[in-house]
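First residue of the sequence shown? That's 12 in the numbering used here, and the numbers climb one at a time after it. Virtual Cβ for every residue (Gly too), placed ideally from N, Cα, C.
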Amino acid sequence: MLPRVRPDWVKAKASGSNEFEHTVEIIKSCGVNTVCEEALCPNICECWKNKTATFLIMGKVCTRACGFCSIKSGCPSALDSSEPDRITEAIKALSLKYVVITSVTRDDIQDGGASHFALVINTIKTALPDTKIEILVPDFKGNATAIQLVVDARPDVFAHNIEIVRKLHGKVKKLPSNYNTSLSILKTVKEMCSEAVTKTGLIVGVGESDSDIFETIDDVSANNVDILTIGQYLTPTTYHYPIARYVTIEEFNMYAKHGEKLGINVIAGPLVRSSYNALEAYKQACYQK
Ligand code: SF4
């Protein structure tokens, strides 16, 4: 049975700091959204104190309603053409040398927002050529033209999260999300650009077994993914998909070892999220290439 109180190893340290307040001010003044806030990330104190944030583009309303996600679902607004400049401004103000950019899913837009991603990447590259860019994209319903648009913009890391093991994928994620589509996106990126660094993320504690997790790690490896993050699922509210178990540190280490044996850079731990310590993961992947 799930303990009533969250175990200590799944608790983040909450502490205010001047650096945290400074990050808040910059994000507010640039008028940008972050997944740190919208996804209720437990690492926000630590990351914002270190002046790292993950930007959420194309609004903060998603066209899907996955059972694990706290982001609002509904009809999003039209894309804002000033967003690429505002994101660039925020990166500059935070002096970021490595930035992660993700988005809500926009099934209402024909290319799923791929050209907007490309515009954001190109705007940052023009203004801040030394800043490395990791993008974490939705599935674009597996549309290869959309994927190509983003690959052509040459982000330093192309990430797409599988999130949930095969067995539970259809139960927790909202259609048309599909486990095989997510895998094929990662494969397609490598086919389009063999030098691309690819990355994916998995959340555990949703109801899967160890062998389900090993199966996903094997699938990720078979599709030549460079970086895999594995973190504990934390349900945002009682209306969301429930937590099935708290995965122990030893279990996370066991999953990481399995992936590393297959040649993947695995970052696994209770509070690991796909953008957590992203620069370190990128450096490690480049070192091993
Ligand atoms: S782990 Fe990622 S999403 Fe969470 S606070 Fe840090 S940068 Fe933001």
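So for residue i, helix, strand or coil by DSSP?
{"i": "residue 276", "result": "strand"}
{"i": "residue 148", "result": "coil"}
{"i": "residue 232", "result": "helix"}
{"i": "residue 79", "result": "coil"}
{"i": "residue 28", "result": "coil"}
{"i": "residue 258", "result": "coil"}
{"i": "residue 86", "result": "coil"}
{"i": "residue 94", "result": "helix"}
{"i": "residue 73", "result": "strand"}
{"i": "residue 121", "result": "coil"}
{"i": "residue 164", "result": "coil"}
{"i": "residue 156", "result": "helix"}
Looking only at DSSP bridge pairs, what is residue i linked to?
{"i": "residue 67", "result": "44 and 113"}
{"i": "residue 241", "result": "213 and 279"}
{"i": "residue 1", "result": "This structure leaves residue 1 out entirely; the chain is present only between 12 and 300."}
Using a Cβ-Cβ cut-off of 8 Å, state whether residue i counts as contacting chain C.
{"i": "residue 204", "result": "The structure shown contains no chain C, having only a single protein chain."}
For residue i, count neighbouring Cβ atoms within 10 angstroms of its own Cβ and tell me buried if that reaches 16, exposed if not.
{"i": "residue 50", "result": "buried"}
{"i": "residue 298", "result": "exposed"}
For residue i versus residue j, is the C-beta spacing smaller than 8 Å?
{"i": "residue 280", "j": "residue 263", "result": "yes"}
{"i": "residue 28", "j": "residue 247", "result": "no"}
{"i": "residue 68", "j": "residue 100", "result": "no"}
{"i": "residue 230", "j": "residue 282", "result": "no"}
{"i": "residue 72", "j": "residue 58", "result": "no"}
{"i": "residue 132", "j": "residue 164", "result": "yes"}
{"i": "residue 212", "j": "residue 240", "result": "yes"}
{"i": "residue 56", "j": "residue 79", "result": "no"}
{"i": "residue 64", "j": "residue 34", "result": "yes"}
{"i": "residue 237", "j": "residue 209", "result": "yes"}
{"i": "residue 287", "j": "residue 277", "result": "no"}
Any residue with its C-beta under 6 Å from a non-hydrogen atom of the ligand SF4 counts. Can you list them all in chain order? 46, 47, 52, 54, 55, 58, 63, 64, 65, 284, 286 and 287
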